[in-house]
Amino acid sequence: MGALRSSPGNLPLGSDTHRILFLILISLLVKAVITYNVAVINHDGVRYANSAYHLLRGEVAAAFGHEKMLFYSLTLGIFHWFIQDWFWAGKVLSSVFLTLTLIPLYLLTRELFSRTAALWSGLVFILLPSVNSMTSEVIKDAPFLFFILCALLLGIKALKIPRPGYFLLTFCCASAAALFRLEGLVFILAFPPAWALVLVMAEERRKYIRGLAAFLAVPAVAVILFGVLLLTGVISVEGLRVAWEPFARHYFDFDFLRNYHQIYDYLKTVEGKFPGGEWGQDFFEIARRNMAWVYLWGMFLKFFKEMFPIFLIPLVLGLATRDHDWIGLGVLLWLSFSYLAMNYYFIISSNFIAGRYLMAAVLFCLPIIGSGLARIGLWCHRLAYARAAWIFILLLFVAYPAAKSFADSIESNEEIRACGLWLRNNMDLEYKKVITTDERVLFHGGLLRNQYEFLADGDREKLAQAAREKKPDVIVLTVSSDNSSTPKFVNYHPVKEFPGKKRSALVLARTD
């Protein structure tokens, strides 16, 4: 390990403080470029901005109607006090927390492997396209990743140095992560088994028992306090039920195999409609009998895509490294597995998986990737043509993901913002009925969600029916740029069209 830390062929920069500051500087530069390039808010960002708006006005029920995890809405509202544009406030919030995540990532990788591996893991995090896609979005994943990585760092510290303070801070950071994304609870549930395994192997078990007591102290006090408030009538059972039911419907599905069974039955019904279906072992039979494996394969394909496939090479090399902290690496792998298991449950129950749901597991793999890159750097230093080898490595593992990140950030839907700004400057929509298929347009037009009706894009029949029944004054659409899919409405005429590369934004107004 000493060779990895001090080899002149590895990355420079002296002390840990200098290295962290270097990473922060690079991160800020990268995020400044990407943030500047993206001028259109993401779909979820509209929801978060509306929730934060109502929360700042004290309208908790209205805020809860847009977003159930109100702590992110509160955080976004705090940033909005300093940055008056909701979109920019959200982008700065994401950039700040993603940049801060470099600190626990560096310290964790140094703890498990080496300083060189820590620097590499930080560079990978800065340049990873899946991470940079969050930079320009109003999204709660950025603060979640920061707190969950702090929890992992402190949790590994607690298992190596069983001080109650480390255990308490671990729980606090995991709880803070859960306030942004409910997946933070996975860490709280998965950490005690790791503690139990270390306890079995430890010589001084009393310290670990005291540590676990500190870890469980906060939830125990919270449960007792909640019980007292419930028994004394400060919190009513009916009010609790009203608040809990929509939250439970949104986040918990107690019949998690419902979609699985529906898809299985559908594949069974269509099996005989294709040649060979009556003989067995056709595509549909193979698919339905192996749905669990298909879901697992699809989840891992998405996981590797979010990790960026080229980093599978240093990931394998990092796992093969023998000179590392076995306890810390074991905890890291166990928690990575726990988050992958949670995502597997989600994809089976919901029949889809978003890449950002896998980012905690991806983040936990970065220290291993950093170790693998440190090994590659050491090998390059020993080659006869070390400089040429280093150029190739930098092109492959630095320039390539950086180019992909910047390419992905180049705006491809300028028509959304252009249409929104035109509506803001040319049409007074405040007292008009408006229907839209893309609420991002109306967000940039300055409208709140309660000032228009949003219909899912693609549901043409529902849109035409809404136009007939509700008689809106204005209809705002996004349609394919070839105009072949543009719906026709009686008593409406096109006012303005904003063509884009793939889609166009269209404004229609009533003629009567």
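Throughout the sequence shown, residue numbering follows this note's numbering, covering 64 to 575 in sequence.
The beta carbon of each residue, even a glycine, is placed where N, CA and C say it ideally should be.
Alpha-carbon spacing of residue i relative to residue j, whole angstroms
{"i": "residue 321", "j": "residue 402", "result": "22 Å"}
{"i": "residue 367", "j": "residue 574", "result": "52 Å"}
{"i": "residue 212", "j": "residue 185", "result": "13 Å"}
{"i": "residue 257", "j": "residue 287", "result": "26 Å"}
{"i": "residue 461", "j": "residue 300", "result": "56 Å"}
{"i": "residue 263", "j": "residue 385", "result": "23 Å"}
{"i": "residue 116", "j": "residue 140", "result": "7 Å"}
{"i": "residue 65", "j": "residue 416", "result": "Confidence is the limiting factor: at residue 65 the pLDDT is only 43, short of 50, which leaves the residue's position unreliable and the question unanswerable from this model."}
{"i": "residue 77", "j": "residue 183", "result": "14 Å"}
{"i": "residue 155", "j": "residue 420", "result": "21 Å"}
{"i": "residue 408", "j": "residue 493", "result": "44 Å"}
{"i": "residue 324", "j": "residue 346", "result": "18 Å"}
{"i": "residue 405", "j": "residue 107", "result": "22 Å"}
{"i": "residue 563", "j": "residue 482", "result": "11 Å"}
{"i": "residue 375", "j": "residue 344", "result": "34 Å"}
{"i": "residue 471", "j": "residue 507", "result": "21 Å"}
{"i": "residue 105", "j": "residue 204", "result": "13 Å"}
Cβ separation of residue i and residue j, assumed to be a contact under 8 Å, to the nearest whole Å
{"i": "residue 165", "j": "residue 86", "result": "5 Å"}
{"i": "residue 517", "j": "residue 532", "result": "At roughly 16 Å, the Cβ-Cβ gap does not stay under 8 Å, so residue 517 and residue 532 are not in contact."}
{"i": "residue 474", "j": "residue 103", "result": "7 Å"}
{"i": "residue 430", "j": "residue 176", "result": "6 Å"}
{"i": "residue 439", "j": "residue 380", "result": "7 Å"}
{"i": "residue 97", "j": "residue 199", "result": "6 Å"}
{"i": "residue 230", "j": "residue 290", "result": "That belief does not hold up - the Cβ atoms of residue 230 and residue 290 are roughly 24 Å apart, past 8 Å."}
{"i": "residue 576", "j": "residue 490", "result": "What is shown of the chain runs 64 to 575, which leaves residue 576 out entirely."}
{"i": "residue 138", "j": "residue 206", "result": "6 Å"}
Close beta carbons around residue i, own chain, < 6 Å, minus the five adjacent residues each side
{"i": "residue 71", "result": "Note that residue 71 has pLDDT 40, beneath the 50 cutoff, so the model's placement of it is unreliable and the number below is only indicative. Excluding sequence neighbours, residue 71 sits near nothing in its chain."}
{"i": "residue 173", "result": "181"}
{"i": "residue 242", "result": "134"}
{"i": "residue 526", "result": "518"}
{"i": "residue 558", "result": "570 and 572"}
Nearest to residue i (by Cα), restricted to the options the options
{"i": "residue 217", "options": "162, 196, 471 and 278", "result": "278"}
{"i": "residue 486", "options": "323, 474, 504 and 296", "result": "504"}
{"i": "residue 215", "options": "475, 461 and 397", "result": "397"}
{"i": "residue 129", "options": "96, 111, 188 and 122", "result": "111"}
{"i": "residue 227", "options": "373, 167, 271 and 77", "result": "271"}
{"i": "residue 426", "options": "481, 342, 189 and 147", "result": "189"}
{"i": "residue 82", "options": "178, 145, 126 and 122", "result": "178"}
{"i": "residue 389", "options": "260, 127, 347 and 146", "result": "260"}
{"i": "residue 195", "options": "101, 387, 290 and 478", "result": "101"}
{"i": "residue 285", "options": "234, 240, 191 and 247", "result": "234"}
{"i": "residue 476", "options": "538, 509 and 568", "result": "568"}
{"i": "residue 171", "options": "395, 356, 365 and 372", "result": "395"}
{"i": "residue 480", "options": "193, 456 and 509", "result": "509"}
Residues of its chain near residue i, where Cβ-Cβ distance is below 8 Å and the 5 sequence neighbours each way are ignored
{"i": "residue 55", "result": "Coverage of the chain is limited to positions 64 through 575, which leaves residue 55 absent and any answer about it impossible."}
{"i": "residue 529", "result": "498, 516, 518 and 535"}
{"i": "residue 68", "result": "Residue placement at residue 68 cannot be trusted, given a pLDDT of 42 that sits under 50; the coordinates are not used to answer."}
{"i": "residue 169", "result": "79, 82, 83, 86, 181, 182, 184 and 185"}
{"i": "residue 350", "result": "330 and 357"}
Test: residue i CB closer than 8 Å to a CB of chain B
{"i": "residue 379", "result": "The displayed structure is made up of one protein chain only, and chain B is not part of it."}
Cut-off 7 Å between Cβ atoms - residues of its own chain near residue i, not counting five sequence neighbours on either side
{"i": "residue 543", "result": "566"}
{"i": "residue 556", "result": "571, 572 and 574"}
{"i": "residue 428", "result": "370, 378 and 399"}
{"i": "residue 91", "result": "162"}
{"i": "residue 625", "result": "No statement about residue 625 is possible, as the shown extent of the chain runs from 64 to 575 and does not include it."}
Beta bridge counterpart(s) of residue i as assigned by DSSP
{"i": "residue 555", "result": "573"}
{"i": "residue 537", "result": "497 and 572"}
{"i": "residue 566", "result": "543"}
{"i": "residue 130", "result": "Note: residue 130 sits in no beta bridge, so no partner."}
{"i": "residue 561", "result": "568"}
{"i": "residue 517", "result": "499"}
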